[in-house]
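This report concerns only the one structure given below.
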Amino acid sequence: MTADDPRPDRPDAAAPPRPGTGAGAGEVTIRAAVPADVPAVAGLRWRWSLDEGGVTPVTDEAGYVAATAAFAAAHPQSHRCTVAELDGVVVGLAWLALTDRPPTPDDLSRVSGDVQSVYVVPELRGSGTGSRLVAALLADARAAGCRYVRVHSSPRAIPLYARAGFAVDETYRVVRL
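Here's what the structure looks like:
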């Protein structure tokens, strides 16, 4: 989320929202986040976590916005944020985390990706905005040279990821610490 982010805006990813989604007369645009988007991105994540996730925050909203801004500034190459914007308002977000991996004899610059924190405001769910955010992340992952991209999904979002081509991989294991 730097001012010199090499990822172009994605006007080709813009499509009118589906009628009846509360989107109004505007178009939802999918684009790379810029530093000025941080308060809106953090505000959406805050809303999602408290309203839908039922978490108990360790700080107030202003502290969370500051922490998100510091994180984005410290990790512009490894954590890329993409936003959905409608009439100048950020209405969705998604992060792609890129991880460099040790080289192998057949690939000296391995990179993997993780989809993180995909959220669309409730008024636009079902409009295709989430699918377009995920498609933008996958395009960024391909451009970054990722061999694969993982996601840890909520049960509600499994169909979204299945439509994007994600499948269960029996070789992937997790240990909770």
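What the sequence shown shows, in full-length UniProt numbering, is residues 1 to 177, in sequence order.
Backbone N, C-alpha and C fix where the C-beta goes; we use that ideal spot for every residue, glycine too.
In this text, all values refer to a predicted model and were calculated from it rather than measured experimentally.
Asked	Found
Straight-line gap, G92 to A144 (C-alpha atoms, nearest Å)	22 Å
Run of the alpha helix (DSSP H) containing G130, from where it starts to where it stops	129-143
Classification of D106 by the beta-carbon crowding that lies within 10 angstroms, buried from 16 upward	exposed
Element boundaries [alpha helix (DSSP H), containing Y148]	No alpha helix (DSSP H) holds Y148; the beta strand (DSSP E) holding it covers 146-151.
Chain B contact for L138 (CB, 9 Å cutoff)	Absence of chain B from the displayed structure is noted, only one protein chain being present.
Span separating the alpha-carbon of L160 from that of P103	32 Å
G24 - DSSP class collapsed to helix/strand/coil	Note that G24 scores 49 on pLDDT, short of 50, meaning its location in the model is unreliable and no value can be drawn from it.
Cβ-based neighbour list, V134, same chain, cut-off 6 Å, excluding 5 preceding and 5 following	A164
Between the CA atoms of D60 and V115 - distance to the nearest angstrom	26 Å
Spatial distance of residue 190 from R101 (CA atoms)	Since the displayed the chain opens at 1 and closes at 177, residue 190 lies outside it and no answer follows.
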